[in-house]
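One structure is given below, encoded as structure tokens.
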Amino acid sequence: MTTILVTGATGTIGSQVVAALKGREDVKVRVAVRSAAQADALRGGGVTPVDFEFNKPELIKKALTGVDKVFLVVPFVAEQVEHGTKFIDQAQQAGVRHIVKLSALGSGVVPGIDLGRWHRIVERYLAGSGIAYTFLRPNNFMENFIHIHPPGKDGNIYLPMGQAGCSFIAGADIAAVGVAALTTPGHEGKAYELTGPEALSLAQAAHILSGVAGRPVNYVDVPEEAARKSMLGAGMPGWMTEALLELNALGRAGHAARVTDSVQRVLGRAPTGFAQFAQTHAARWK
Ligand SMILES: NC(=O)c1ccc[n+]([C@@H]2O[C@H](COP(=O)([O-])OP(=O)(O)OC[C@H]3O[C@@H](n4cnc5c(N)ncnc54)[C@H](OP(=O)(O)O)[C@@H]3O)[C@@H](O)[C@H]2O)c1
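See below:
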């Protein structure tokens, strides 16, 4: 029996990793949560919640006791590098054998952008720790159309992404690759660049959403300075605003359009297309 700790277990990817591991007879799943209410929602099917906060080493120590493997999601916060490296120190002390770390497409590119660099620092720290590792480096999640930039009441999606394509990936595919890495041999020391099956422009994605939502959805390309103003005006911290604008600039230049065969190679099936994802989650946009 393998005990697996999942951090970020209530988030977009962690929750889908937990769902995919739930009910398996060969693993015990420990989910790291910040509140008792979240814990109750996750219990059952071999899943046990544990109190967890990245800035509380005593909770991390308890959560890691007896753990064999970790699915590591570090939230997008200013302390992300510190959270990641300190967690790895404690995992090493606890005798963890394998960490599957959620990173981002382009994390391996030097110098790359801030977002990639922050992931790369933690990836390198993990690689140097002696713990076996697998890096998942996905492109933008399809779920961003639900959680981060859903169409507003006016039906518009405002983003500074120009007309370039992006090979959006479904979170369930990232989670499935993560579960394969945690439960089958041969993924140690690997970095998987994960994308969906095709590159779509935001206008093409909006068109697909219109079809399933039964209302017009349109993409509005926003000039970078207007996006900066609106993000800062909404209370987003400066470091986060600049990091996201840098990511969007990379996307506008066409660097998010790359399609890889990693999902096919690891799972033996094609990644989920955007139209299928949109159909599955249609109720979110109605
Ligand atoms: N969005 C994208 O398109 C994209 C693409 C590539 C890579 N990524 C990477 O994906 C990662 C984020 O994954 P996600 O989108 O699945 O996460 P998410 O949905 O933003 O959820 C964040 C998770 O972290 C937990 N959390 C936040 N602060 C915490 C703390 N101090 N201690 C313990 N747990 C804490 C949250 O718990 P609560 O429920 O308690 O808040 C939640 O479970 C980032 O590293 C990002 O760079 C994102």
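Heads up, the sequence shown is in my numbering, so the first residue is 36 and it goes up one at a time. Idealized CB from N, CA, C, for every residue including glycine.
Distance between residue j and residue i (C-alpha atoms, nearest Å)
i    : j    : result
Q198 : G249 : 24 Å
A215 : G308 : 20 Å
G213 : R304 : 15 Å
R291 : N174 : Correcting the residue identity first, residue 291 is Ala in this sequence and not Arg. The straight-line gap from Cα to Cα measures roughly 7 Å.
I181 : R263 : 21 Å
D75  : K57  : 15 Å
L285 : L279 : 10 Å
E60  : A288 : 46 Å
G246 : P306 : 21 Å
V102 : V255 : 47 Å
T38  : V105 : 9 Å
Q125 : G49  : 20 Å
Proximity of residue i and residue j at Cβ, strictly below 7 Å
i    : j    : result
L217 : V135 : yes
A207 : Q314 : no
G200 : L235 : yes
N253 : G190 : yes
P186 : E259 : no
G81  : V68  : no
L171 : I209 : yes
L267 : W320 : no
L77  : V66  : yes
H154 : A167 : no
A211 : L282 : no
F312 : A241 : no
Secondary structure of residue i, DSSP reduced to three states
i    : result
A167 : strand
H118 : helix
S297 : helix
N283 : helix
P92  : helix
L140 : coil
A67  : strand
I134 : strand
R250 : coil
R172 : strand
E277 : helix
A199 : coil
Rounded distance between the beta-carbons of residue j and residue i, thought under 8 Å
i    : j    : result
Y160 : T120 : 5 Å
T169 : H222 : 5 Å
S70  : Q127 : Between Q127 and S70 the Cβ distance is about 28 Å, and since that is not below 8 Å, they are no contact.
G143 : A226 : 6 Å
| query | Between the region 42-60 and the region 93-107, are three or more C-beta pairs nearer than 8 Å? | reply | yes
| query | At a cut of 8 Å, does the region 263-271 reach the region 229-245 through at least three beta carbon pairs? | reply | no
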